[in-house]
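In my numbering, the protein residues as written are 2 to 75.
Spelled out as structure tokens, the structure:
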């Protein structure tokens with residue numbers, strides 16, 4: 002989120018921290034880059050109020066799925 006500095010009236014650029022699959026973090030300054038990081042690194046399943054076990058693998062990203070139109074019809 003943008004941060005208003007009340008002492009001088011300036012607005013600082015936003016920053017978003019995303020987590021990589023290897024556990025490291027990446028900080029970017031725009032929503033598009035944050036979403037790209039999520040798409041490229043995957044999103045881990047988290048169970049909140051769920052009886053299912055926590056997943057050990059990341060959810061597939063776009064590059065793991067077949068391209069649209071290339072699926073086989075049965």
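Virtual Cβ for every residue (Gly too), placed ideally from N, Cα, C.
Cut-off 6 Å between Cβ atoms - residues of its own chain near residue i, not counting five sequence neighbours on either side
| i | result |
| --- | --- |
| residue 28 | 16 and 18 |
| residue 14 | 30 |
C-alpha gap between residue i and residue j, whole angstroms
| i | j | result |
| --- | --- | --- |
| residue 41 | residue 8 | 39 Å |
| residue 39 | residue 31 | 13 Å |
| residue 43 | residue 6 | 34 Å |
| residue 20 | residue 12 | 26 Å |
| residue 36 | residue 26 | 14 Å |
| residue 4 | residue 24 | 27 Å |
Sequence-distant residues of the same chain with beta carbon closer than 8 Å to residue i, five excluded per side
| i | result |
| --- | --- |
| residue 34 | 17 |
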